[in-house]
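What follows is one structure encoded as structure tokens, with my remarks underneath.
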Amino acid sequence: MIKFDEVTKTYGKVIALKNVSLEIHKDEFLSLVGQSGAGKSTLISLIIGEERPDSGRILIDDIDVARIRRTDIPFLRRKIGVVFQDIKLLRNRTAYENVAFAMEVSGEKNNSIRKEVPKILEMVGLEDKAKAFPHEMSGGEKQRIAIARALVHKPVLLLADEPTGNLDSINAWDIIQLLLKINKNGTTVILATHAKDLVNSVKKRVVTIEKGEIVLDQQKGKYVL
Amino acid sequence: MNLVTVNRLIRNGVTNFVRNIWLSIAATSIMAITLFIISTIIVLYTLTTLSIDNIKDKVGISAYFNNQVTDLEIQNVKQELEAMAGVKQIEFIPKTVAKEKFIATHKDEPLLLETINEFRDSENPLPNSFAIKAYDLTDYSGITSTLKSERFASYFQKIRDNSKVIDRLFKITDAIKKLGLFLVAIFIVVTVMVMFNTIRLTIYNRRDEVEIMRLVGATNWYIRWPFIIEALLYALLASLVVGIVVFALLFLLSNKVGAFLSLQDLGGTLLEALFWKILSVNVLSSVMLGIIASLFAIRRYLRI
Ligand SMILES: Nc1ncnc2c1ncn2[C@@H]1O[C@H](COP(=O)(O)OP(=O)(O)OP(=O)(O)O)[C@@H](O)[C@H]1O
Ligand SMILES: [Mg+2]
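Here the protein sequences come in this chain order: A and B.
Using this note's numbering, you'd call the opening residue of the first sequence number -6 and step up by one each time.
Using this note's numbering, you'd call the opening residue of the second sequence number 6 and step up by one each time.
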């Protein structure tokens, strides 16, 4: 479904990704692990066309994202859900409105927004927080809202960048369970994290990157660094 | 783009406007001032042009003959003048007609009438004259100087040329046009700058929202439109305010202005036409300025 082919990405002098080749299959649950600064977020940015690689190809269903037209990027992003490392919820909008926002900007009809948003809030277990603003929610709840927003387009691919950062282990585990559930429902999931215990207990594919290079790719893997 | 989207874009634009209400009012005001200047210039220009048209027919040269000039001489002078370039028409007004006209114009002044009636027809003190019309206003000075030249000077006791009045009016219109263009140019620049800055600030205030929109799949135009709509709101609101003010002023001042510029027909239809003209010029120019300002701000500051 996604294929990285010799992808290199630099920011000025910093080499964030170096000759990365990686194939991710449909319905897979892939944990992307590595120390801070290893290049996990960069990899995610490349998939959604937020950054462009210096060289190499990034194929999503045979479309080269590295060469996609700027005007096509919004439509790519409607097929891919992203949970950002810094969450990026709108402060002056409620949980419901934050989720609805993603549907609004892509031109969804009002009644389908009214139908879908509560369903998704229920799925992430926050139907009772619909009217809460981000500052009225806990870290875990905000993460769930961010996941809900990422799911609202019914994406084929969910990219979750450190969705358990700053969460205690119980909350973090709940988030992982949610992602596993989403994966089971037929969405490919890429989870970028450095939460060792969580990754180890998931027992799915683990790709380890170190200083921009893939050093390990294990099925049913462990976080070994 | 469907109706839901258009609706959302407009709502977003209105939100932009309302969030920074004071800045929005400032931008609208400066736009209104510019439109008011444009409107004033249109009114002044239209009125002076109208009054020029109005008195154009009354422009002409009256050349009064000396009493001893014979009919034959008058015939010859007429022929000679008619051959001159620029002369459109020469009407001979015999002293008898002049007297009738005098009586007609002064019919309410018994003293004058009494005086003129003291004279017998043969003693009629009013001279024979030519009423000369030129093709073009610029021809009058040439004709006047010809009449005053050595060749003709002996025939005439007096030459009256009222084309100067119109000349002055032309100068006034010209001055209005120049000053107007100058003012309009300055205010257009100021307006675009103020609107540009206001929209820049809105973009800055909404940068988080813009970023998230982008990341969750909004198209570039979906992101841009609210800022253009914001500028259009300044434009239309300013046009509306100025439209109302101009309408009121035209209505209140119509009588005085009409009298002042000796326009008999400053009637409803004319004012109405003038109002619609001003309104459409205002709407068009403000919308254009708004679009220019917002596109510049978007190009410069909206990172998408
Ligand atoms: N926009 C940018 N400009 C310059 N350098 C950047 C930028 N984004 C990332 N980098 C650099 O690229 C490298 C990889 O960063 P990246 O954010 O991908 O790491 P990460 O694996 O996500 O780290 P973390 O676990 O802390 O989130 C780092 O050295 C970082 O400093
Ligand atoms: Mg990161």
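Glycine is no exception: its CB is placed at the ideal position from the N, C-alpha and C atoms.
* If you draw a straight line from the C-alpha of residue 76 of chain B to the C-alpha of residue 132 of chain B, how long is it? -> In a straight line, the C-alpha of residue 76 of chain B is about 13 Å away from that of residue 132 of chain B.
* Which same chain residues, not among the five before or five after residue 40 of chain B, have their C-beta less than 8 Å away from its C-beta? -> So the list reads 243, 244, 247, 287, 290 and 291, once near-sequence residues are dropped.
* Answer yes or no: the CB of residue 2 of chain A versus the heavy atoms of ligand 2, is any distance below 7 Å? => The nearest non-hydrogen atom of ligand 2 is 7 Å or more from the C-beta of residue 2 of chain A.
* Cut-off 7 Å between Cβ atoms - residues of its own chain near residue 214 of chain A, not counting five sequence neighbours on either side -> 198 and 199, listed in sequence order.
* To do: Figure out for me which residue from B:295, B:107, B:9 and B:63 has the closest Cα to the Cα of residue 137 of chain B.
  => Among B:295, B:107, B:9 and B:63, the Cα nearest to that of residue 137 of chain B belongs to B:63.
* **Contacting positions in the segment 209 to 224 of chain B - beta carbon closer than 9 Å to chain A** => Only 213, 214, 216, 217, 218, 219, 220, 221, 222, 223 and 224 from the segment 209 to 224 of chain B bring a Cβ to less than 9 Å from some Cβ of chain A.
* What residues from the segment 138 to 161 of chain A come within 9 Å of chain B, judged by C-beta to C-beta, listed N to C? -> Against chain B - using a Cβ distance shorter than 9 Å - the residues of the segment 138 to 161 of chain A are 142, 143, 145 and 146.
* With a cut-off of 8 Å on the beta carbons, I'd call residue 171 of chain B and residue 149 of chain B a contact; round off their distance for me. => Between residue 149 of chain B and residue 171 of chain B the Cβ distance is about 13 Å, and since that is not below 8 Å, they are no contact.
* Asked: Exposed or buried, residue 146 of chain A, counting other C-beta atoms within 10 Å across all chains shown (16 or more means buried)?
  -> So residue 146 of chain A ends up on the buried side.
* To do: Evaluate residue 91 of chain A with the Cβ neighbour count: other Cβ atoms within 10 Å of its Cβ, from every protein chain shown; 16 or more gives buried, anything less gives exposed.
  => Buried is the call here.
* To do: With residue 167 of chain A as the anchor, note down where its alpha helix (DSSP H) starts and where it stops.
  => Here the alpha helix (DSSP H) through residue 167 of chain A covers 162 to 177.
* **First and last residue of the uninterrupted alpha helix (DSSP H) at residue 123 of chain B** => The continuous alpha helix (DSSP H) containing residue 123 of chain B extends over residues 115 to 123.
* Asked: Going along the chain, which residues of its own chain have a beta-carbon closer than 7 Å to the beta-carbon of residue 134 of chain B, five neighbours each way excluded?
  -> If the five residues before and after residue 134 of chain B are omitted, its C-beta is found closer than 7 Å to the C-beta atoms of 67, 68, 69, 70, 98 and 103, all from its own chain and listed in chain order.
* Asked: Which residue comes first and which comes last in the beta strand (DSSP E) that contains residue 203 of chain A?
  -> Taken as a continuous stretch (DSSP letters only), the beta strand (DSSP E) holding residue 203 of chain A covers 198 to 203.
* Asked: Do residue 38 of chain B and residue 192 of chain B come within 8 Å of each other at the CB atom, strictly closer than that value?
  -> The beta carbons of residue 192 of chain B and residue 38 of chain B sit closer together than 8 Å.
* Asked: Measuring from the CB of residue 155 of chain A, is there a heavy atom of ligand 1 at a distance below 7 Å?
  -> Yes.
* Mind checking the segment 39 to 71 of chain A against chain B and listing, in chain order, the residues whose C-beta falls within less than 9 Å of any C-beta there? => Listed by position, the residues of the segment 39 to 71 of chain A near chain B (Cβ gap below 9 Å) are 41, 43, 63, 64, 66, 67, 68, 69, 70 and 71.
* Asked: According to DSSP, what are the bridge partners of residue 16 of chain A?
  -> Note: residue 16 of chain A sits in a beta bridge opposite A:-4.
* To do: Rounded to whole angstroms, what's the CA-CA distance from residue 60 of chain A to residue -1 of chain A? Just pull it up for me.
  => So the two alpha carbons sit approximately 15 Å from each other.
* When Cβ atoms are compared, which residues of the segment 279 to 304 of chain B fall closer than 8 Å to chain A? -> Listed by position, the residues of the segment 279 to 304 of chain B near chain A (Cβ gap below 8 Å) amount to none.
* To do: Tell me whether the beta-carbon of residue 138 of chain A lies closer than 8 Å to the beta-carbon of residue 119 of chain A.
  => Yes, the pair counts as a contact, with Cβ atoms nearer than the cut-off.
* Asked: Does residue 83 of chain A get closer than 8 Å to chain E when you measure Cβ to Cβ?
  -> Of the protein chains in the structure, A and B, none is chain E.
* Can you give me the Cβ contacts of residue 118 of chain B inside the same chain, cut-off strictly under 8 Å, excluding the 5 residues immediately before and after it? => Shown here for residue 118 of chain B: same chain residues with a beta carbon closer than 8 Å to its own, the five before and five after excluded, namely 108, 111 and 112 in chain order.
* **Any non-hydrogen atom of ligand 1 closer than 7 Å to residue 78 of chain A Cβ** => Using a cutoff of 7 Å, the CB of residue 78 of chain A counts as near ligand 1, since one of the ligand's heavy atoms is closer than that.
* Enclosing beta strand (DSSP E) for residue 67 of chain B [first to last residue] -> Judged by DSSP secondary structure, residue 67 of chain B falls within the beta strand (DSSP E) whose first and last residues are 66 to 70.
* Where the beta strand (DSSP E) containing residue 163 of chain B begins and where it ends -> Counting along the chain, the beta strand (DSSP E) containing residue 163 of chain B begins and ends at 161 to 166.
* Find out if the Cβ-Cβ distance for the pair residue 142 of chain A, residue 185 of chain A is shorter than 8 Å. => No; because the gap between Cβ atoms is not below 8 Å, this pair is not in contact.
* Proximal residues to residue 284 of chain B (C-beta, below 6 Å), its chain only, five neighbours per side dropped -> So the qualifying residues of the chain are 248.
* Hey, is residue 19 of chain B's beta-carbon within less than 8 Å of any beta-carbon in chain A? -> Judged by the 8 Å Cβ criterion, residue 19 of chain B is not in contact with chain A.
* Asked: Just to confirm, are residue 113 of chain A and residue 82 of chain A a CB contact at a threshold of 8 Å?
  -> At a Cβ-Cβ threshold of 8 Å, residue 113 of chain A and residue 82 of chain A do not count as neighbours.
* Asked: DSSP three-state call for residue 80 of chain B: helix, strand or coil?
  -> Residue state, collapsed to three classes: helix.
* Using three-state DSSP, classify residue 181 of chain A as helix, strand or coil. => If DSSP states are grouped into helix, strand and coil, residue 181 of chain A belongs with the strands.
* Determine the burial state of residue 143 of chain B: buried for a count of at least 16 other Cβ atoms within 10 Å of its Cβ, exposed for fewer. => Residue environment analysis places residue 143 of chain B among the exposed positions, since fewer than 16 neighbouring C-beta atoms fall within 10 angstroms of its C-beta.
* **Per-residue DSSP class, three states only, for residue 61 of chain B** => When DSSP states are grouped into helix, strand and coil, residue 61 of chain B belongs to the helix group.
* Which listed residue (B:196, B:211, B:221 and B:280) has its alpha carbon closest to that of residue 239 of chain B -> Nearest C-alpha to residue 239 of chain B: B:196.
* To do: Please decide whether residue 10 of chain B counts as near chain A, where near means a Cβ-Cβ distance under 8 Å.
  => It does: the Cβ of residue 10 of chain B has a partner Cβ on chain A nearer than 8 Å.
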